[in-house]
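Okay, structure first, notes after.
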Amino acid sequence: MAVYEYDGQVPMIGRNCYISDSARVIGNVTVHDQCYIGHGAVIRGDYGQIVIGPGSAIEENAVLHIRPKGLLELEDSVTVGHSATIHGRLIRSHAVIGMGSVVSFDARVGRWSIVAEGAVVPGSTTIPDEEVVAGIPCRRIGAVTTEHKAFWTYGKKLYTDLAKDYDQKLKRIA
Numbered sequence: 000m001a002v003y004e005y006d007g008q009v010p011m012i013g014r015n016c017y018i019s020d021s022a023r024v025i026g027n028v029t030v031h032d033q034c035y036i037g038h039g040a041v042i043r044g045d046y047g048q049i050v051i052g053p054g055s056a057i058e059e060n061a062v063l064h065i066r067p068k069g070l071l072e073l074e075d076s077v078t079v080g081h082s083a084t085i086h087g088r089l090i091r092s093h094a095v096i097g098m099g100s101v102v103s104f105d106a107r108v109g110r111w112s113i114v115a116e117g118a119v120v121p122g123s124t125t126i127p128d129e130e131v132v133a134g135i136p137c138r139r140i141g142a143v144t145t146e147h148k149a150f151w152t153y154g155k156k157l158y159t160d161l162a163k164d165y166d167q168k169l170k171r172i173a
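Taking numbering that gives the first Met the number 0, the leading residue of the sequence shown gets 0, the next gets one more, and so forth.
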């Protein structure tokens, strides 16, 4: 696990979390229980505070950062896809931030909302609950369905299971 103190700020890590040894968790960061922080992810709480809610997954090569004295809060069961970049303010429960997407400064993403792969959420944008957005800049393309919720509930469980299993099953061999 690569967890770093910065300027007296020490990350707080909950129970049953997995943080890859190639990830970086820096400074004023709280990672709640049962989170998965994937390989190459960078969570920089050097300027402001970052809070990651229980059961969340920060997938490989994602970057979370915040402006000086700012707060980035991810509520429970948030999925941040591979190579996504988040500088936003609030990602509500069960939201999905797609692979390679960007959530800019002070943006807010609603509960159960989905930011599609490669989308850009401009600064100070608010995405309402249960909406699907895509594009550059993002625009509404639909509502979240029960099928979306079932799929993402399944996907989130895969990552909370990985968070539990990796410490026992992942073995470095070279």
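We treat Cβ as the ideally placed atom computed from N, Cα and C, and that holds for glycine. Since the structure is predicted, the reported quantities are computational estimates derived from the model, not experimental observations.
Start and end residues, beta strand (DSSP E) containing residue i
i, result
"Q48", "41-51"
"N27", "23-30"
Reference residue i; option with closest CA among the options
i, options, result
"T78", "R66, E72, E58, P67", "E58"
"A106", "H64, N15, G80", "H64"
"I51", "I135, E130, H93, S103", "H93"
Close-in-space but distant-in-sequence residues of the same chain around residue i (CB under 6 Å, 5 per side omitted)
i, result
"Q8", "G26, N27"
"A115", "G97, A133"
"I90", "L73, V77, V108"
"P10", "V2, V24, V28"
Exposed unless 16 or more other CB atoms sit within 10 angstroms - verdict on residue i
i, result
"A149", "exposed"
"K155", "buried"
"R251", "Residue 251 lies beyond the range of the chain shown here (0 to 173); nothing can be said about it."
"T84", "buried"
"S123", "exposed"
"Q167", "exposed"
"E4", "exposed"
Opening and closing residue of the alpha helix (DSSP H) in which residue i lies
i, result
"T159", "145-168"
* Three-pair Cβ contact test at 8 Å for the stretch 34-44 versus the stretch 132-143 -> no
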